[in-house]
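Undergrad:
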Amino acid sequence: MFSLTNMPSTSSLFSTYASISASMMLGRTILNDLIPHQIRAYLFSTIRRYFSPKTSLLTLIIEEENGFSRNEVYDAAETYLCTKISPKTDCLKISKTPRDKNFTIRFEKGEKMVDIFQGAELKWRFVCTEQERPSSGNPNSSAPTSEKRHFELCFDKKHREIVMDLYLPFILSKLKEVKEGARVVNEVIRLVYNEVAEELMRTGDAEVALDGLVKLLKRKRIEEDECTTNARPKRHKNGKMMSNNSNGRIA
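Dropping the structure here:
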């Protein structure tokens, strides 16, 4: 049976504690003096990694720039995620230049978004850090700063093939669609400008050139409508469809 008389005295406990503390301080001093900092950091990180629980998550870092060039994956991710903005989004950046017709929407730093693709949960996070540029040497001038932006894409490791083989190519295809749409618009605008210039060179009169351009556009519109009408399949009397290129045969 436990007896209170067998308990160590308070002075004995303090003496033991002081002895252990002194031994720990001595050991730490010897460790710091004999083992270089790099080796200590390596040993501690190895021990921490060995005893830390294994994670099943994989994180991809998608930086804005790849060396001296733009990272196309970053641009594709930014374009794609802007189409996935939901009412749950807390903060966004909005801007517009005099040449833009619409607003430009971007994520605020720290903003998170969850996307689902073929049953895989994909967690996005936008990270933006400020870095000081080298100063000009003037002590009175404040050091200029630059922003370094990147996306973090986190998902379960079992979905790695889905992300690498399907999801990222899908995002890149969305960027190509946006670029193709912008290219078509620019070509149409350039076509109109060129036609105006040709009419001006031909007539020397802006009013006549504009009138000629309007007639040209109307004629093109009629031709496009006729092409669309001719491309539609015709319906036979018995209700069956007949192709325009079938030489009278019923499809």
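Number 201 in my numbering belongs to position 209 of the sequence shown; there are no gaps in the numbering. Glycine is no exception: its CB is placed at the ideal position from the N, C-alpha and C atoms. Computed from a predicted structure; not experimentally measured.
#1: Out of curiosity, what's the CA-to-CA distance linking L26 and K149?
#2: Can you grab the Cα-Cα spacing for the pair S3 / A33, in whole Å?
#3: Quick check on M(-7): does DSSP put it in helix, strand or coil?
#4: Below 8 Å, can you find three or more Cβ-Cβ pairs linking the segment 44 to 63 to the segment 138 to 147?
#5: Under a three-way DSSP split, which group does E100 fall into?
#6: How would you label F95, buried or exposed, when you count the other beta carbons within 10 angstroms and need 16 or more for buried?
#7: By the DSSP assignment, the beta strand (DSSP E) with T51 in it spans what residues?
#8: Measuring CB to CB, does Y72 end up less than 8 Å from K168?
#9: Examine the Cβ distances between the segment 153 to 164 and the segment 77 to 95 and report whether three or more of them are shorter than 8 Å.
#10: Would you kindly report the start and end of the unbroken beta strand (DSSP E) that includes L246?
#11: Taking the straight line between their C-alpha atoms, what separation do you get for I12 and I108?
#12: What is the rounded straight-line gap between the Cα of M233 and the Cα of E218?
#13: Can you tell which of S7, E113, I77 has the C-alpha that lies nearest to the C-alpha of I97?
#14: Identify whether I262 lies in helix, strand or coil by the three-state DSSP scheme.
#15: Between the alpha carbons of N239 and K171, how many angstroms are there, rounded?
#16: Assuming L23 and F147 are in contact, meaning their beta carbons sit under 8 Å apart, how far apart are those beta carbons, in whole angstroms?
#17: Looking only at its chain, what residues have a beta carbon closer than 6 Å to the beta carbon of F99, apart from the 5 residues adjacent to it on each side?
#18: Out of E113, L114, E70, which has the shortest C-alpha to C-alpha gap to K101?
#19: To the nearest angstrom, how far is it from the Cα of T8 to the Cα of L18?
#20: Excluding five sequence neighbours on each side, which residues of the same chain lie with their C-beta closer than 6 Å to the C-beta of K104?
#21: Quick one: grab the DSSP three-state call for F245.
#22: Tell me which residue opens and which closes the alpha helix (DSSP H) that V155 is part of.
#23: May I ask you to list the residues that DSSP assigns as paired with T121?
#24: Can you tell me where the alpha helix (DSSP H) with T71 in it begins and where it stops?
TA: Quick answer:
#1: As a position in the sequence shown, residue 26 is number 34, starting the count at 1. As a position in the sequence shown, residue 149 is number 157, starting the count at 1. Using only the alpha carbons, I get a separation of about 41 Å.
#2: As a first step, residue 3 is located in the sequence shown; it is residue number 11 there, counting from the start. As a first step, residue 33 is located in the sequence shown; it is residue number 41 there, counting from the start. Cα to Cα, the separation comes out at about 38 Å.
#3: Here residue -7 is taken as the residue at index 1 of the sequence shown, counted from 1. Residue confidence for M(-7) is low, a pLDDT of 49 falling below 50, so the modelled location carries little weight; the figure read from the coordinates is stated next. Looking at M(-7) - three-state DSSP - the assignment turns out to be coil, as it is neither helix nor strand.
#4: yes
#5: Position 108 of the sequence shown, counting from 1, holds the residue named residue 100. E100 falls in the coil class under three-state DSSP.
#6: Here residue 95 corresponds to residue number 103 of the sequence shown, with the count starting at 1. Exposed, by the Cβ-count rule.
#7: One-based indexing of the sequence shown puts residue 51 at position 59. First-last of the beta strand (DSSP E) with T51: 49 to 55.
#8: For the purposes of this step, residue 72 is taken as residue 80 along the sequence shown, with counting starting at 1. For the purposes of this step, residue 168 is taken as residue 176 along the sequence shown, with counting starting at 1. Going by C-beta atoms, Y72 is not nearer than 8 Å to K168.
#9: no
#10: Past the edges of the chain, shown from -7 to 243, lies residue 246, and the structure says nothing about it.
#11: Numbered from 1 along the sequence shown, position 20 holds the residue referred to as residue 12. Numbered from 1 along the sequence shown, position 116 holds the residue referred to as residue 108. The alpha-carbon atoms of I12 and I108 are separated by roughly 55 Å.
#12: Here residue 233 refers to the residue found at position 241 when the sequence shown is read from its first residue. Here residue 218 refers to the residue found at position 226 when the sequence shown is read from its first residue. For M233, the predicted structure reports a pLDDT of 48, less than 50, and the residue's modelled location is therefore unreliable. A value from the coordinates is still provided. Cα-Cα distance, rounded: 19 Å.
#13: Here residue 97 is taken as the residue at index 105 of the sequence shown, counted from 1. Selected option, being the one with the closest Cα: I77.
#14: The chain is shown only over -7 to 243; residue 262 falls outside these bounds and no answer can be derived.
#15: In the sequence shown, the residue the question calls residue 239 occupies position 247. In the sequence shown, the residue the question calls residue 171 occupies position 179. Here N239 scores only 45 on pLDDT, less than 50, and its place in the model should not be relied on; the value that follows carries that caveat. Near 40 Å, if we compare the C-alpha coordinates of K171 and N239.
#16: The sequence position of residue 23 within the sequence shown is 31, counting from 1. The sequence position of residue 147 within the sequence shown is 155, counting from 1. L23 to F147, Cβ: 40 Å. No contact.
#17: Position 107 of the sequence shown, counted from the start, is the residue given in the question as residue 99. Closer than 6 Å at Cβ, skipping near neighbours: F118.
#18: Here residue 101 corresponds to residue number 109 of the sequence shown, with the count starting at 1. Residue E70 is the option with its Cα nearest to K101.
#19: Within the sequence shown, residue 8 is the residue found at index 16, counting from 1. Within the sequence shown, residue 18 is the residue found at index 26, counting from 1. Going from the Cα of T8 to the Cα of L18 covers about 15 Å.
#20: As a first step, residue 104 is located in the sequence shown; it is residue number 112 there, counting from the start. For K104, where only same-chain residues beyond five positions count, the Cβ hits under 6 Å are R117.
#21: Outside the displayed range of the chain (-7 to 243) lies residue 245, so it cannot be described from this structure.
#22: Here the question's residue 155 lines up with position 163 in the sequence shown. Careful: V155 lies outside any alpha helix (DSSP H) and carries neither H nor E.
#23: As a position in the sequence shown, residue 121 is number 129, starting the count at 1. Partner(s): K140.
#24: Mapped onto the sequence shown, residue 71 falls at position 79. Run containing T71: 64 to 74, per the alpha helix (DSSP H) assignment.
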